[in-house]
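Accompanying notes for the structure given below.
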Amino acid sequence: MTDTIKIDAFDRFMAVSHFDEEMAEAHTPTEDAIHNWIVDHQEDDELIAGILKHLDRTIKDAMAYCIRKASKSDYREGQGAMVDDATVFSWVKEYFTAEKVETKPVVGKMTTGSKKSTKQPTKKTPEKDEKQLDLFSDLSIEEGEF
Numbered sequence: 256m257t258d259t260i261k262i263d264a265f266d267r268f269m270a271v272s273h274f275d276e277e278m279a280e281a282h283t284p285t286e287d288a289i290h291n292w293i294v295d296h297q298e299d300d301e302l303i304a305g306i307l308k309h310l311d312r313t314i315k316d317a318m319a320y321c322i323r324k325a326s327k328s329d330y331r332e333g334q335g336a337m338v339d340d341a342t343v344f345s346w347v348k349e350y351f352t353a354e355k356v357e358t359k360p361v362v363g364k365m366t367t368g369s370k371k372s373t374k375q376p377t378k379k380t381p382e383k384d385e386k387q388l389d390l391f392s393d394l395s396i397e398e399g400e401f
């Protein structure tokens with residue numbers, strides 16, 4: 256890809272600046288980490304050329320691409336996936352440099368524990384046991400006497 260395009264300092268500046276507007280809006284710490292990685296790797300001519308070629312691609316979509324890759328990968332165990340940083344950032348580079356990328360949204364079902372009962376517990380009044388002594392039965396205290 257970089258054989259035909261000579262990347263210079265201005266290209267690097269434009270590629271990194273391309274994400275300024277996206278990063279000015281509310282974003283996740285993960286999106287921030289991807290942006291910081293791009294800034295730290297702006298000497299990678301292939302990455303910069305890919306960003307400049309595919310200006311319609313965003314950091315948010317790069318994150319979704321990585322999530323999709325993780326959900327389909329061997330890293331998946333049960334209901335989640337754990338992937339090391341180097342692999343994730345290689346997917347970020349792949350997202351920006353590949354000619355075609357899968358852009359379907361990831362659909363999943365998330366369950367959390369069991370549903371708690373909304374039924375209110377009723378207080379049980381103790382039944383009077385004839386064998387149990389009532390220490391206060393002989394006191395004749397009227398309500399409001401104290």
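Numbering (our numbering), first residue to last: 256 to 401.
Using N, Cα and C, we set each Cβ at its ideal position, and we do this for glycine too.
Ignore the nearest five residues each way along the sequence and tell me which others in Val294's own chain have a CB closer than 6 Å to its CB. Val271
Give a yes or no on whether the C-beta atoms belonging to Ala325 and Ala336 are separated by under 9 Å. yes
Spatial neighbours of Val343 within its chain, please: CB distance less than 6 Å, with the 5 preceding and 5 following residues excluded, ordered by chain position. Cys321
Could you have a look at Ala353 and say whether DSSP puts it in helix, strand or coil? coil
What do you reckon, are the CB atoms on His290 and Phe265 nearer than 9 Å? Cβ distance not < 9 Å, so His290 and Phe265 don't count as in contact.
Using 8 Å for Cβ pairs, my map puts Ile262 next to Ile306. What's the rounded Cβ distance? At roughly 10 Å, the Cβ-Cβ gap does not stay under 8 Å, so Ile262 and Ile306 are not in contact.
Is it buried or exposed, Glu286, if we count other Cβ atoms within 10 angstroms and call 16 or more buried? buried
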